[in-house]
Amino acid sequence: MEVSEQEGRPGRWRMVLLLAAAALAIGLGTWGSCLFLIASGKYAGLADAAYRSLQLFAFNLYDSGPLPWQLEAARWLAPATTLGAIYSASIAMLRRYGAAWRLAALRGHLVIFHADVEALAQRAARPVVLACTGQGASLLRMGRHYRLTLAALSDLVVRSRACHADAVLGYVADEDEALALARELHQACRSAGRRDLPLTLVLSSQQMCARLESIETVWEPELRPLFITPSEVADMKVCQAIAGTLGALASSAAPICIALHGDGHACLRIARRLSLLLQAAPVRRVQLALVGTADEAFAGQLALLRDAAPQIDWEPAPPETPEPAAAPRDNVLHVFCAASPGLLLDLIRHRREAHDIGGGACIAVLPRRWRSRAALAALPDKDWIAVTADLDEEISGSLLDPALETLAERIHEHYRGSDASGPAALPWADLPARYRRSSRLQAEAVPFKLLALGIPMEAALADAAPVEAAIAARIEALSQAEHARWMSEKLLGGWRYGEVRDDRRKLHPCLLPYAQLPEAEKEKDRQMWRLLPSLLREAGRQRAG
Numbered sequence: 000m001e002v003s004e005q006e007g008r009p010g011r012w013r014m015v016l017l018l019a020a021a022a023l024a025i026g027l028g029t030w031g032s033c034l035f036l037i038a039s040g041k042y043a044g045l046a047d048a049a050y051r052s053l054q055l056f057a058f059n060l061y062d063s064g065p066l067p068w069q070l071e072a073a074r075w076l077a078p079a080t081t082l083g084a085i086y087s088a089s090i091a092m093l094r095r096y097g098a099a100w101r102l103a104a105l106r107g108h109l110v111i112f113h114a115d116v117e118a119l120a121q122r123a124a125r126p127v128v129l130a131c132t133g134q135g136a137s138l139l140r141m142g143r144h145y146r147l148t149l150a151a152l153s154d155l156v157v158r159s160r161a162c163h164a165d166a167v168l169g170y171v172a173d174e175d176e177a178l179a180l181a182r183e184l185h186q187a188c189r190s191a192g193r194r195d196l197p198l199t200l201v202l203s204s205q206q207m208c209a210r211l212e213s214i215e216t217v218w219e220p221e222l223r224p225l226f227i228t229p230s231e232v233a234d235m236k237v238c239q240a241i242a243g244t245l246g247a248l249a250s251s252a253a254p255i256c257i258a259l260h261g262d263g264h265a266c267l268r269i270a271r272r273l274s275l276l277l278q279a280a281p282v283r284r285v286q287l288a289l290v291g292t293a294d295e296a297f298a299g300q301l302a303l304l305r306d307a308a309p310q311i312d313w314e315p316a317p318p319e320t321p322e323p324a325a326a327p328r329d330n331v332l333h334v335f336c337a338a339s340p341g342l343l344l345d346l347i348r349h350r351r352e353a354h355d356i357g358g359g360a361c362i363a364v365l366p367r368r369w370r371s372r373a374a375l376a377a378l379p380d381k382d383w384i385a386v387t388a389d390l391d392e393e394i395s396g397s398l399l400d401p402a403l404e405t406l407a408e409r410i411h412e413h414y415r416g417s418d419a420s421g422p423a424a425l426p427w428a429d430l431p432a433r434y435r436r437s438s439r440l441q442a443e444a445v446p447f448k449l450l451a452l453g454i455p456m457e458a459a460l461a462d463a464a465p466v467e468a469a470i471a472a473r474i475e476a477l478s479q480a481e482h483a484r485w486m487s488e489k490l491l492g493g494w495r496y497g498e499v500r501d502d503r504r505k506l507h508p509c510l511l512p513y514a515q516l517p518e519a520e521k522e523k524d525r526q527m528w529r530l531l532p533s534l535l536r537e538a539g540r541q542r543a544g
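Quick note: the sequence shown uses numbering that gives the first Met the number 0, first residue 0, plus one each step.
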């Protein structure tokens, strides 16, 4: 049935009423503006896209899904084109209402949403999001965020004490705005008396992280933000998932093989981090196989990685269309990653058909903009471990494992007590970011070290006595592996051997094989292993408390 032009749009009398309502709204202020939005939505009709956009926003903000009032509000709201004439006036009015209401342009539609921190705290096990700003489209998928004022930030930080929030997390893409936000959060935490509240800013590039971290004069030691990139978070999560999966393969007598499939450069980035962690586990032979794009840049970086981590058995990448395997290998851990859901599914199906992945464990690194539930439903029949590369799911969880963060800090304090000098010898609160990352990487390697001893991380946190006995029996081999891990980290960071240490030129006298080290340097590696049981006991007590 055809719809007439008159029936397809509001009549003239309705337009007159809308204009009158707009004038009344401007006169009445905030509540009048809200009434106008509701009235215009009812008469102008609801755009399906606006409803879907608000629903998507609500699912991203709350793990439990959208609140009933949000969905009800979505049914009443009209497209922004209908309300363009009073857009700026509405913003000015809604600002007067306080920090509870926010106005945002969401995919071209005018949407009101409630940003109540206490309501978020009731739905999130560990509420961490108190402020989001800038062009952080990967978090809320919004075209533009309403900028929180310093007063609103202070209010949110103060209220965070009541809802037991344990961090502030912001997403920004512009360096100037990142610095401005970090300063405002810094001042808000200081004025609210929340010096114990960690600040985390997720930035778009590692270069931006390095530049902001180098501004030492801005940050007080206890309020220094942690700058991190989405890819770094994703790589940490993938390596933690691999550490949790390797225990199931420990009973196999054959060498464990970790096969990285998909986007060649993403696989190479994961392999770089993984190679540093695996070298800390000298008892088991581990192979790494990269099945990805073999362009010239990829080949050059892979050659550098192989030179820096010679202890890893690097398998040559199999051809793009390999023959079916004669016998499935159950000792292989397969990791699949791709830039889009379609490519990931095609890659998984292709590898299953070309050479059966057998009974080995499988990890799927889910691309951005792909929810975990939909991904798991679409994957072929198998027990898949899904790791999302998107940061949306980090809203209700801490970016860093508190136990590993405690290990990293204690590892650094131990290093300071061993004749350390220079910037690396500063206290943890004053420590430059590059040295913090090094300590965190050592802590991240702990689960791999424990697996080499045949002890899972959870068991070691509960009882460190077996760890102490296993270390005493293999101390020399373990110390040699720790030195190999440290050497690889330095070589991949551009360091070279030099008779005299020079941090500016990246020269270090200990970039030698373990056998050629002075006895005092070997003892440092041994002490790092002997320290592990006491670190595990402390981390276990913190987790239990």
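Every residue, glycine too, gets a C-beta built ideally from N, C-alpha and C.
Cross-strand partners of Tyr496 (DSSP beta bridge):
Translated into positions along the sequence shown, residue 496 becomes position 497. According to DSSP, which records beta bridges pairwise, Tyr496 is partnered with His507.
Using alpha carbons as the reference points, say which of Pro309, Ala298 and Arg268 lies closest to Val334.
The residue labelled residue 334 in the question sits at position 335 within the sequence shown. Ranking Pro309, Ala298 and Arg268 by Cα distance to Val334 puts Arg268 first.
So Ala468 is in the alpha helix (DSSP H); what residue range does that whole segment cover?
Along the sequence shown, one-based indexing puts residue 468 at 469. First-last of the alpha helix (DSSP H) with Ala468: Ala464 to Ala472.
Arg436, buried or exposed, once every other Cβ within 10 Å from all chains shown has been counted against 16
Within the sequence shown, the letter at position 437 stands for residue 436. By the 10 Å Cβ count, Arg436 comes out buried.
Beta carbon of Arg484 nearer than 7 angstroms to that of Gln205
Here residue 484 refers to the residue found at position 485 when the sequence shown is read from its first residue. Here residue 205 refers to the residue found at position 206 when the sequence shown is read from its first residue. Result no, Cβ atoms of Arg484 and Gln205 do not sit closer than 7 angstroms.
Cut-off 8 angstroms between Cβ atoms - residues of its own chain near Ala469, not counting five sequence neighbours on either side
Numbered from its first residue, the sequence shown carries residue 469 at position 470. The residues are Leu452, Gly453 and Ile454.
Under the three-state reduction of DSSP, which class applies to Ala458: helix, strand or coil?
What you label residue 458 is simply residue 459 of the sequence shown in a count that begins at 1. Reduced to three states, the DSSP call for Ala458 is helix.
Per DSSP, the bridge partner or partners of Cys361:
Reading the sequence shown from its first residue, position 362 is the one you call residue 361. Partner(s): His333 and Trp383.
Pairing CB atoms from the stretch 476-493 with CB atoms from the stretch 505-514, are three or more of them under 8 angstroms?
yes
If Gly539 sits next to Ala461, beta carbons under 8 angstroms apart, how far is it from one beta carbon to the other, in whole angstroms?
Walking along the sequence shown from the start, residue 539 turns up at place 540. Walking along the sequence shown from the start, residue 461 turns up at place 462. That belief holds up - the Cβ atoms of Gly539 and Ala461 are roughly 6 angstroms apart, short of 8 angstroms.
Taking the straight line between their C-alpha atoms, what separation do you get for Glu518 and Arg503?
Within the sequence shown, numbered from 1, the residue matching residue 518 stands at position 519. Within the sequence shown, numbered from 1, the residue matching residue 503 stands at position 504. Cα to Cα, Glu518 sits roughly 26 angstroms from Arg503.
Buried or exposed (CB count within 10 angstroms, at least 16 for buried), Pro446
For the purposes of this step, residue 446 is taken as the residue at position 447 of the sequence shown. Answer is buried; the Cβ neighbour count reaches 16.
DSSP-derived helix/strand/coil call for Gly263:
Position 264 of the sequence shown holds residue 263. Correct three-state label for Gly263: helix.
Considering Cα atoms alone, identify which of Leu304, Ala209 and Gln239 is closest to Met456.
The residue labelled residue 456 in the question sits at position 457 within the sequence shown. That would be Gln239, whose Cα lies nearest to the Cα of Met456.
When the Cα of Glu408 is compared with those of Val386, Tyr434 and Trp383, which residue comes out closest?
Walking along the sequence shown from the start, residue 408 turns up at place 409. Measuring from the Cα of Glu408, the nearest candidate turns out to be Tyr434.
Ends of the alpha helix (DSSP H) at Asp501?
Indexing the sequence shown from 1 puts residue 501 at position 502. Asp501 -> no alpha helix (DSSP H), and no H or E assigned at all.
DSSP state of Ile347, grouped into three classes?
In the sequence shown, counting from the first residue as 1, residue 347 sits at position 348. Ile347: helix per DSSP, three-state reduction.
Specify the secondary structure class of Ile241 as computed by DSSP and reduced to three states.
Indexing the sequence shown from 1 puts residue 241 at position 242. Correct three-state label for Ile241: helix.
When you compare only the Cα positions, how much space is there between Leu342 and Ile227?
Along the sequence shown, one-based indexing puts residue 342 at 343. Along the sequence shown, one-based indexing puts residue 227 at 228. CA-to-CA, the gap between Leu342 and Ile227 works out to about 27 angstroms.
Are Leu546 and Cys266 touching if we call contact CB-CB under 7 angstroms?
The structure shown does not extend to residue 546, since the chain is modelled only from 0 to 544, so the question has no answer here.
Can you name the start and end residues of the alpha helix (DSSP H) that Ala519 belongs to?
On the sequence shown, position 520 is the one that residue 519 refers to. Run containing Ala519: Glu518 to Ala543, per the alpha helix (DSSP H) assignment.
Are the CB atoms of Met527 and Glu475 nearer to each other than 7 angstroms?
Working through the sequence shown from its first residue, we reach residue 527 at position 528. Working through the sequence shown from its first residue, we reach residue 475 at position 476. Cβ atoms of Met527 and Glu475: not closer than 7 angstroms.
Could you compute how far the alpha carbon of Val499 sits from the alpha carbon of His507?
Numbered from 1 along the sequence shown, position 500 holds the residue referred to as residue 499. Numbered from 1 along the sequence shown, position 508 holds the residue referred to as residue 507. If you take the alpha carbons of Val499 and His507, they lie about 7 angstroms apart.
According to DSSP, simplified to helix, strand and coil, what is Gly341?
In the sequence shown, counting from the first residue as 1, residue 341 sits at position 342. The answer is helix: DSSP assigns Gly341 an H, G or I state.
Comparing C-alpha positions only, which one of Leu303, Ala385 and Ala298 sits nearest to Cys336?
For the purposes of this step, residue 336 is identified with residue 337 of the sequence shown, where counting begins at 1. Comparing C-alpha distances from Cys336 to each of Leu303, Ala385 and Ala298 shows the shortest one belongs to Ala385.
Rounded to whole angstroms, how far is the Cβ of Ser546 from the Cβ of Ile311, which I believe are closer than 8 angstroms?
The structure shown does not extend to residue 546, since the chain spans only 0 to 544, so no value can be given for it.
What does the alpha-carbon distance come out to for the pair Val237 and Ala444?
As a working mapping, residue 237 is identified with position 238 in the sequence shown. As a working mapping, residue 444 is identified with position 445 in the sequence shown. Rounded to whole angstroms, Val237 to Ala444 spans 13 angstroms at the Cα level.
Throw me the rounded Cβ distance for the Leu287 and Ile257 pair, which I believe falls under 8 angstroms.
Within the sequence shown, numbered from 1, the residue matching residue 287 stands at position 288. Within the sequence shown, numbered from 1, the residue matching residue 257 stands at position 258. Contact holds; Cβ gap of about 5 angstroms.
For Leu138, does the count of other Cβ atoms within 10 angstroms reach 16, so buried, or fall short, so exposed?
Counting from 1 along the sequence shown, the entry for residue 138 is found at position 139. Here the model assigns Leu138 a pLDDT of 30, short of 50, so the residue's position is not dependable, and the following value carries that caveat. It counts as buried.
For Gln479, which three-state DSSP category applies?
Residue numbering aside, residue 479 sits at position 480 when the sequence shown is read from its first letter. Helix, per DSSP.
Does Tyr496 pass the burial test, meaning 16 or more other C-beta atoms within 10 Å, or should it be called exposed?
The count along the sequence shown starts at 1 and reaches residue 496 at position 497. Burial call: exposed.
How is the alpha helix (DSSP H) around Ser213 delimited, first residue to last?
Taking the sequence shown and counting its residues from 1, one reaches residue 213 at position 214. Where Ser213 is concerned, there is no enclosing alpha helix (DSSP H), given that its DSSP letter is neither H nor E.
Classify Arg439 as buried or exposed, calling it buried when 16 or more other Cβ atoms lie within 10 Å of its own Cβ.
On the sequence shown, position 440 is the one that residue 439 refers to. Buried, by the Cβ-count rule.
Sort Leu450, Gly421 and Leu425 by Cα distance to Glu412 and report the nearest one.
Taking the first residue of the sequence shown as 1, we reach residue 412 at position 413. When only C-alpha atoms are compared, the closest one is Leu425.
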